[in-house]
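In our numbering, the protein residues as written are 6 to 763. Accompanying notes for the structure given below.
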Ligand code: MOS
């Protein structure tokens, strides 16, 4: 029960947007959206909707006073469709009414005439037709073209990975409340309060200081509220601004599923070349990213795909091409791993296929090519403090991979209908926003006159435990009990110009900022104590467990007395501090640099049992050795690791985003979109914390944890594939994730007679 929120969650006391008590007179907004994937809007008839009693307003793009632009990276997206719609679910306007029921009823009565235009859903088709979000990006090192001649084995192929629905428990939503003087206060379920503030100001044509955004906590986000929480908050703000009334807008689950983007599906081509000893000499890949209708964060996500194209391996000759394709689907967006998992999956597929061709186990190639200190990443960064091999060898020793493999082989020899499969998955994930300027955070620490502490940072609590980690960091720095520290809401009037809480960096950036601010105050306290006790050498003074110590001896000054005293001397008990990650840079012309503060490493082993009659499988276990640095809170970190693993397995196994030929989301509810439940989750997850890992960039030597463990899930795909191979050694299987039970079954039996069980 370490996470401060857990107790409130269990009691149902935690407040989310829908739990906030709204002021009297609050109105409710419902969004109406495009029902076709591409077309011109000919006419919008709101007459019938408008005549319903209780309807206060119907707003469309024509009602926007400022610049109708919500695009975060590229200005290509309006809040409401203007004359053209580009995906099913694209917002066209909102109905504001006295109740949500009336607003929804009226929204259904709005009649829109379209002139349909051809729609594209496939990224390769978009590419052929020149529909790109940005020009293709190429990263390279060495010379692949020359390297192929030196390779003994070359394998080429195509790889598909699917989308993934975020399925945050709390759907998108916001409440906007007009304040005096034209100011709007927005309560938003967003990872990015500043993005909401910036876009609301732009849309309303007011200065940013007229918009205040406040975030208490989110009921999950996973990247889905990094960029795509903004729209709903700004719509509520627009309505509040226009009507001068509080407005609440919360999407229901089906609206949320239909209108918001998902993890980007990728279709990729690869070519890998190795020596006969299994050294990878060259790797080339082209990634066709299904961006959806607007840029959103696609270009940044594509960058991370390219950064992580070689996963944990050193490859001397690499060329990767990223192509962000514009299709008529909701704009796909950030999702835990941010394009990294899609990149890693491709090289793992390439290694898998190469191992088949060489008649060896994929883990031999993986093991043989792990990064070492002194290597460099193909984007130029030196490999330092590398734990790739240490994680692998620790996993080998602790879990006895050889024996596990032997058990799988023995099982498969004795069983026909059931086959087991095992796969090893090393990970290496870069920590920092790849856009260097985003790697900053600020904190504001107050010590009140009773000695209690209030901390505001840019970090958004979304279930990942960042607030608890910041609390621990401040508690350790000031040496006061955690009970005396409150982590305040994330609010743009207390912490301005914030980066999204994203890229696994929330605790690092904001924790470090809170430590700096705390140290600033601590310094003043010590000086004030030295004055009071007439001590010359302040280095002899120290606060320990809420008491002042002099030369390790307890003085008469308690924390409370010291605070009271310092306040009476009229010395500030507040501090604001900025943390900016040092020594990171990236040259966007050459695509070389040092984009990451550090990397997180790990090795996971996944074991599955496949029912070859039914195509169903169980994940028997996932055993990992993971590099947490010096964990600030092992309970939170373990939870993040377990959750990431389950979510990664879900992405590659049971979760399938399905659209009709017209671009309509068919997996549009929890009855048609399967997410991993307790049965789909591994029977056992064993996590070993790597020993002796150091990280001077994390608070108290900790390491980022949010995204990296998701990629252990890739092991599940290849474990299932290995089990399939054990049943059908004669068959060549395509690499097409997710590997749902239906797909497994079809692949095992397609075009062949069903063998009779002996
Ligand atoms: Mo995260 S996928 O960087 O919000």
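Cβ atoms here follow ideal geometry from the backbone N, Cα and C, with glycine treated the same way.
So what does residue 430 bridge to, in DSSP terms? On the chain shown, residue 430 is found 425 positions in, with the first residue counted as 1. According to DSSP, residue 430 bridges with 609.
Just tell me which of 528, 234, 684 has its CA closest to the CA of residue 764. Not covered by the structure: residue 764. The range shown for the chain is 6 to 763.
Would you tell me roughly how many angstroms separate the C-alpha atoms of residue 582 and residue 676, rounded to the nearest one? Here residue 582 refers to the residue found at position 577 of the chain shown. Here residue 676 refers to the residue found at position 671 of the chain shown. The straight-line gap from Cα to Cα measures roughly 47 angstroms.
Leaving out the 5 sequence neighbours to the left and right, which residues in its chain are closer than 7 angstroms to residue 588 when beta-carbon positions are compared? As a first step, residue 588 is located in the chain shown; it is residue number 583 there, counting from the start. So the list reads 599, once near-sequence residues are dropped.
Between residue 511 and the ligand MOS, is the CB less than 7 angstroms from at least one heavy atom? Counting from one through the chain shown, the residue named residue 511 turns up at place 506. If you check the C-beta of residue 511 against the ligand MOS, you find no heavy atom less than 7 angstroms away.
Alpha carbon to alpha carbon, how far is residue 425 from residue 268? The residue given as residue 425 occupies position 420 in the chain shown. The residue given as residue 268 occupies position 263 in the chain shown. A direct Cα-Cα distance of roughly 29 angstroms separates residue 425 from residue 268.
One or two residues paired with residue 64 in a DSSP bridge: On the chain shown, residue 64 is found 59 positions in, with the first residue counted as 1. DSSP, once it has assigned bridges, lists 99 as partnering residue 64.
Which of helix, strand or coil DSSP assigns to residue 491: Position 486 of the chain shown holds residue 491. DSSP places residue 491 in strand when its eight states are reduced to three.
CA nearest to the CA of residue 439, picked from 752, 306, 685: Within the chain shown, numbered from 1, the residue matching residue 439 stands at position 434. Taking residue 439 as reference, the option from 752, 306, 685 with the minimal CA-CA separation is 306.
Output the boundary residues of the alpha helix (DSSP H) element that contains residue 236. As a first step, residue 236 is located in the chain shown; it is residue number 231 there, counting from the start. Taken as a continuous stretch (DSSP letters only), the alpha helix (DSSP H) holding residue 236 covers 235-248.
Cβ shell of residue 249 (< 6 angstroms), same chain only, five flanking positions each side left out: Taking the chain shown and counting its residues from 1, the one referred to as residue 249 is at position 244. 183.
How far does the alpha helix (DSSP H) with residue 590 in it reach, from first residue to last? Residue mapping note: residue 590 aligns to position 585 of the chain shown, counting from 1. Residue 590: not part of any alpha helix (DSSP H); member of the beta strand (DSSP E) spanning 590-592, first to last residue.
Any heavy atom of the ligand MOS within a distance shorter than 7 angstroms of the CB on residue 207? Here residue 207 refers to the residue found at position 202 of the chain shown. False, no ligand heavy atom lies under 7 angstroms from that Cβ.
Presumed contact (8 angstroms Cβ cut-off) between residue 324 and residue 145, rounded CB distance: Looking up residue 324 in the chain shown gives position 319. Looking up residue 145 in the chain shown gives position 140. The C-beta distance from residue 324 to residue 145 rounds to 4 angstroms, short enough to meet the 8 angstroms contact threshold.
Considering only heavy atoms of the ligand MOS, does any lie closer than 7 angstroms to the CB of residue 339? Walking along the chain shown from the start, residue 339 turns up at place 334. Distances from the CB of residue 339 to the heavy atoms of the ligand MOS include at least one below 7 angstroms.
Note down, in chain order, each residue of its chain lying with its Cβ closer than 8 angstroms to the Cβ of residue 369, except the 5 sequence neighbours on either side. Walking along the chain shown from the start, residue 369 turns up at place 364. Setting aside the 5 residues that flank it on each side, residue 369 is surrounded in the same chain by 283, 360, each with a C-beta closer than 8 angstroms to its C-beta; the list follows chain order.
Local Cβ density within 10 Å of residue 67, reported as buried at 16 or more and exposed below that: Position 62 of the chain shown, counted from the start, is the residue given in the question as residue 67. Label assigned to residue 67: exposed.
Please list, in chain order, all residues of the same chain as residue 545 whose beta carbon is under 7 angstroms from its beta carbon, the five residues on each side excluded. Along the chain shown, read from residue 1 onward, the residue named residue 545 stands at position 540. So the list reads 555, 556, once near-sequence residues are dropped.
Coil, strand or helix - residue 150 by DSSP: Position 145 of the chain shown, counted from the first residue, corresponds to residue 150. Reduced to three states, the DSSP call for residue 150 is helix.
Same chain, Cβ closer than 6 angstroms to residue 107, five either side skipped, listed in chain order: Taking the chain shown and counting its residues from 1, one reaches residue 107 at position 102. Annotation for residue 107: 59 place their beta carbon closer than 6 angstroms to its own, counting only its chain and skipping 5 residues before and after.
Can you give me the Cβ contacts of residue 687 inside the same chain, cut-off strictly under 6 angstroms, excluding the 5 residues immediately before and after it? Along the chain shown, read from residue 1 onward, the residue named residue 687 stands at position 682. Scanning its chain for C-beta atoms nearer than 6 angstroms, with the 5 sequence neighbours on each side dropped, one finds around residue 687 the residues 624, 626, 627, in chain order.
At a threshold of 7 angstroms, does residue 200 count as lining the ligand MOS (C-beta to nearest heavy atom)? Residue 200 sits at position 195 when you count from the first residue of the chain shown. Proximity of the beta carbon of residue 200 to the ligand MOS is not indicated: no heavy atom of the ligand is located closer than 7 angstroms.
To the nearest angstrom, report how far apart residue 708 and residue 18 are at their CA atoms. To locate residue 708, count along the chain shown from 1; it is residue 703. To locate residue 18, count along the chain shown from 1; it is residue 13. Straight through space, the alpha carbons of residue 18 and residue 708 are spaced by roughly 30 angstroms.
Short Cβ contact (8 angstroms threshold) for residue 308 with residue 291: Position 303 of the chain shown, counted from the first residue, corresponds to residue 308. Position 286 of the chain shown, counted from the first residue, corresponds to residue 291. Taking the C-beta atoms as reference points, residue 291 is found no nearer than 8 angstroms to residue 308.
Limits of the beta strand (DSSP E) - the one that residue 356 falls within: Within the chain shown, numbered from 1, the residue matching residue 356 stands at position 351. Not the beta strand (DSSP E): residue 356 falls in the alpha helix (DSSP H), residues 345-363.
Quick one: does the C-beta of residue 464 sit closer than 7 angstroms to a heavy atom of the ligand MOS? Within the chain shown, residue 464 is the residue found at index 459, counting from 1. No, the beta carbon of residue 464 sits no closer than 7 angstroms to any heavy atom of the ligand MOS.
Residue range of the beta strand (DSSP E) that residue 330 falls in? Position 325 of the chain shown, counted from the first residue, corresponds to residue 330. Per DSSP, the unbroken beta strand (DSSP E) holding residue 330 starts and ends at 322-331.
Counting only runs that start and end within the segment 268-296, where is the beta strand (DSSP E) found for 3 or more residues in a row? DSSP runs (the beta strand (DSSP E)) wholly in the segment 268-296: 271-279.
Any contact between the segment 457-465 and the segment 502-521? By contact I mean 3 or more CB pairs, one from each, below 8 angstroms. Touching, yes.
CA nearest to the CA of residue 179, picked from 152, 211, 329, 26: As a position in the chain shown, residue 179 is number 174, starting the count at 1. The candidate whose alpha carbon is nearest that of residue 179 is 26.
Nearest candidate by alpha-carbon position, reference residue 499, set 102, 198, 611, 121: Here residue 499 refers to the residue found at position 494 when the chain shown is read from its first residue. Residue 499 has its Cα closest to that of 198, out of 102, 198, 611, 121.
Might you give, ordered along the chain, the residues of its own chain that have their beta carbon closer than 6 angstroms to the beta carbon of residue 759, omitting 5 neighbours on each side? Position 754 of the chain shown, counted from the start, is the residue given in the question as residue 759. Note on residue 759: pLDDT 49, under 50, position unreliable in the model; no value is reported.
Alpha carbon of residue 453 to alpha carbon of residue 24, nearest angstrom: Residue mapping note: residue 453 aligns to position 448 of the chain shown, counting from 1. Residue mapping note: residue 24 aligns to position 19 of the chain shown, counting from 1. Cα to Cα, residue 453 sits roughly 29 angstroms from residue 24.
Quick check: the segment 560-573 against the segment 649-658, are at least 3 beta-carbon pairs closer than 8 angstroms? When Cβ pairs closer than 8 angstroms are counted between the two stretches, the segment 649-658 is seen not to touch the segment 560-573, the count staying below three.
C-beta contact flag for residue 341 and residue 712 at 8 angstroms: Residue mapping note: residue 341 aligns to position 336 of the chain shown, counting from 1. Residue mapping note: residue 712 aligns to position 707 of the chain shown, counting from 1. Yes, the pair counts as a contact, with Cβ atoms nearer than the cut-off.
Pairing CB atoms from the segment 557-567 with CB atoms from the segment 596-611, are three or more of them under 8 angstroms? No, because fewer than three Cβ pairs between the segment 557-567 and the segment 596-611 fall closer than 8 angstroms, the two stretches do not touch.
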